[in-house]
Amino acid sequence: MRPVPIKEIDKPKHKEWFNRRCELARMEREKAWNRWRRNRRPNH
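In the numbering used here, the protein residues as written are 226 to 269.
Printed below as a string of structure tokens:
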């Protein structure tokens, strides 16, 4: 077994955190967008 760099070990955790953060941001953005759209045309 060859030694695995610390970067390789650290990557999956960072990716998971990044994905979770992106998902939260996307949900917030969709919520805000829906609210804005509802306010723009209330008859729709």
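The C-beta atom is built at its ideal place from N, Cα and C for all residues, glycine as well.
- Distance from the CA atom of R262 to the CA atom of P228, rounded to whole angstroms, is 53 angstroms.
- Sequence-distant Cβ neighbours of E248 in its own chain, meaning closer than 8 angstroms and more than five residues away, do not exist here.
- In this structure, the CA atom of R246 is about 34 angstroms from the CA atom of M226.
- The C-alpha of R265 lies about 10 angstroms from the C-alpha of W258.
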